[in-house]
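Participant: What follows is a structure written as structure tokens; I'll ask about it next.
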Amino acid sequence: MMGKNVIIRLLSVVLVITLLIILLCSCKSIAELTFDDKGKSFELEKGDRINIKLESNPTTGYEWILGGETDTSVVSLFDSKFVQTEKEEELVGAGGYEIFTFKAENSGQTEIILTYKRSWEEEELKEEFLFKINITVK
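Residue numbering for the sequence shown follows the UniProt record's numbering, starting at 1 and increasing by one per position.
What follows is the structure, encoded as structure tokens:
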């Protein structure tokens, strides 16, 4: 009787480990990009995610804004958040990073264009405030 319980527990542990391995292997990759990657082209597979981490300080009124040119049937905005720089977490008005996560939806090509500006200002953008990359989803 004791032998059966040991075998059942052992099989349960093996099953859980197998399921965890399958789950981890099925996760899609996440590419991490920064402002240094602007102007580059990237290839993704359907389901892949891409993180774009850009320096920002929203207390100045400036923020990264997604341009309307991105084909959301190819890549969609999955998440966005502001993360304050670790050493400045206690400082009011301190800068940090805006992190945008995009998900590859369907085959095709598109651009991701983010502009760093104040939403109420209509001035012409300087090149250093423009982040643009080309995406191909296979």
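Even glycine gets a Cβ: it sits at the ideal position worked out from N, Cα and C.
Taking the beta strand (DSSP E) that residue 107 belongs to, which residues open and close that run?
Facilitator: Element bounds for residue 107: n/a, residue is neither H nor E.
Participant: Rank 137, 62, 56 and 131 by C-alpha distance to the C-alpha of residue 122 and give the top, closest one.
Facilitator: Minimum Cα distance to residue 122 is reached at 62.
Participant: Measure how close the beta-carbons of residue 111 and residue 132 come, nearest whole angstrom, since I'm counting them as under 8 Å.
Facilitator: That belief holds up - the Cβ atoms of residue 111 and residue 132 are roughly 6 Å apart, short of 8 Å.
Participant: Give the DSSP-derived three-state secondary structure of residue 101 in the structure shown.
Facilitator: Residue 101 falls in the strand class under three-state DSSP.
Participant: Could you please give the first and the last residue of the uninterrupted beta strand (DSSP E) stretch that includes residue 137?
Facilitator: Looking at the DSSP string, the run of the beta strand (DSSP E) that includes residue 137 is 130 to 137.
Participant: Residue 74 and residue 137: beta carbons closer than 7 Å?
Facilitator: Yes, these two residues count as a Cβ contact at 7 Å.
Participant: If you drop the 5 nearest sequence neighbours on each side, which residues of the same chain put their C-beta closer than 6 Å to that of residue 52?
Facilitator: 33 and 100, listed in sequence order.
Participant: Rounded to a whole number of angstroms, what is the C-alpha to C-alpha distance between residue 37 and residue 46?
Facilitator: Taking the straight line joining both Cα atoms gives about 21 Å.
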